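What follows is one structure encoded as structure tokens, with my remarks underneath.
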Amino acid sequence: MVEAERIKRGLVKWGRKIAEKGLAVGAGGNISARVGDIIYLSPSGYAFEELTADQYVGVNLKTGEVVDGSLKPTCEISMHLGCYLIRRDIQAVVHTHPPLTVGLISAGVEIKPMFPDFVAYVGEAPVIDYVIPAGVEIREAVTRIIKDHNAVLLKNHGAVTVGANLKEAFYRAQIIEDASRSILASLIAGKPRFLTKEEQEGIKSLEAEDYRKALLQGK
Numbered sequence: 055m056v057e058a059e060r061i062k063r064g065l066v067k068w069g070r071k072i073a074e075k076g077l078a079v080g081a082g083g084n085i086s087a088r089v090g091d092i093i094y095l096s097p098s099g100y101a102f103e104e105l106t107a108d109q110y111v112g113v114n115l116k117t118g119e120v121v122d123g124s125l126k127p128t129c130e131i132s133m134h135l136g137c138y139l140i141r142r143d144i145q146a147v148v149h150t151h152p153p154l155t156v157g158l159i160s161a162g163v164e165i166k167p168m169f170p171d172f173v174a175y176v177g178e179a180p181v182i183d184y185v186i187p188a189g190v191e192i193r194e195a196v197t198r199i200i201k202d203h204n205a206v207l208l209k210n211h212g213a214v215t216v217g218a219n220l221k222e223a224f225y226r227a228q229i230i231e232d233a234s235r236s237i238l239a240s241l242i243a244g245k246p247r248f249l250t251k252e253e254q255e256g257i258k259s260l261e262a263e264d265y266r267k268a269l270l271q272g273k
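All the letters of the sequence shown, read from the start, carry residue numbers 55 to 273 under the numbering used here.
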């Protein structure tokens with residue numbers, strides 16, 4: 055239970071950061087983190103800034119049955135569980151509604167690497183067409199991408215990022231929205247200039263980036 059309490063406190067912390075950074079408003083967005091075969095998720099209908107640790111809900115990874123807590127878990131529980139089941143290395147899932155990112159991808163603008171942090175921490179963020187939230191369809195659409203990537207963007211909806219912990223999953227969400235801000239600025243000023251494949255490979259091989267990623271993962 056000590057680990058569960060630590061994870062729930064972390065969910066409170068990073069959930070509030072999502073709200074502070076404007077990555078979700080009202081009761082939008084949802085997050086989760088893993089403790090063995092128990093997944094702790096944000097409850098349905100609550101804003102991140104109002105949640106306390108005891109309001110996060112623990113469910114069995116394999117059955118989806120509530121095993122800790124009295125509130126109803128997020129309606130997108132199936133999507134979260136699907137991410138954990140598709141990849142054993144995932145320990146946290148962050149689903150946000152980043153306004154600039156949603157606006158750009160829904161208008162057909164690609165979110166591609168424009169600066170080193172995007173390459174180092176996100177890599178690629180494939181875009182999928184709009185699917186109805188909170189069901190099997192969105193689970194299947196998201197997990198098809200998450201199987202091989204750490205982020206997926208959903209037209210007219212939001213973004214899903216995963217990580218070795220909540221901090222890494224959150225940073226990936228934040229970097230994507232920051233990239234959208236830069237892309238929007240470049241579209242206003244002229245034509246975006248994205249990093250080439252060769253430039254991206256050069257960033258991936260930097261020892262400094264390996265060190266920063268290890269710190270982010272708590273290694």
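Just so you know, even glycine gets a beta-carbon here, dropped at the ideal spot from N, CA and C. Bear in mind that the values here come from a model prediction, so they are computed numbers and not experimental data.
Ends of the beta strand (DSSP E) at residue i?
i: residue 107; result: No beta strand (DSSP E) holds residue 107; DSSP gives it neither H nor E.
i: residue 88; result: 84-89
i: residue 95; result: 92-95
Compare the C-beta of residue i against all C-beta atoms of chain D and say whether one is closer than 8 Å.
i: residue 91; result: Among the chains of the structure shown, chain D does not appear; only one protein chain is present.
So who's on the other strand from residue i, going by DSSP bridges?
i: residue 187; result: Answer is none; residue 187 lacks a bridge partner.
i: residue 182; result: 208
Could you name the residues of the same chain whose beta carbon sits closer than 6 Å to that of residue i, not counting the 5 residues immediately before and after it, in chain order?
i: residue 103; result: 70, 73
i: residue 101; result: 80, 81
i: residue 160; result: 209, 210
i: residue 64; result: 220
i: residue 236; result: 168
i: residue 99; result: 81
i: residue 207; result: 159, 179, 181, 213
i: residue 193; result: 132, 133, 136
i: residue 185; result: 191, 192, 195
i: residue 183; result: 209
Which two residues bound the contiguous alpha helix (DSSP H) that contains residue i?
i: residue 75; result: Taken as a continuous stretch (DSSP letters only), residue 75 belongs to no alpha helix (DSSP H), as it is neither H nor E.
i: residue 256; result: 251-258
Go through its chain and collect everything with a Cβ distance to residue i's Cβ below 7 Å, but skip five positions before and after it.
i: residue 84; result: 95, 96, 128, 130, 149
i: residue 157; result: none
i: residue 226; result: 175, 176, 204, 205, 215, 217
i: residue 125; result: 97, 109, 111
i: residue 118; result: 131, 135
i: residue 197; result: 136, 137, 140
For residue i, does the three-state DSSP call read helix, strand or coil?
i: residue 245; result: coil
i: residue 175; result: helix
i: residue 64; result: helix
i: residue 81; result: coil
i: residue 98; result: coil
By Cβ distance below 8 Å, which residues in the same chain neighbour residue i in space, the five residues on each side in sequence not counted?
i: residue 134; result: 84, 86, 93, 95, 128, 147, 149
i: residue 258; result: 173, 174
i: residue 230; result: 152, 155, 165, 172, 176, 179, 205, 207, 213, 215
i: residue 241; result: 163
i: residue 89; result: 57, 58, 61, 112
*Taking only runs of the alpha helix (DSSP H) that begin and end inside the stretch 113-169, which ones reach a length of at least 4 residues, in chain order?*
131-140, 153-160, all fully within the stretch 113-169.
*Starting from the N-terminal side, write out each stretch of the beta strand (DSSP E) that is 3 residues or longer and does not extend beyond the stretch 199-229.*
205-208, 212-217
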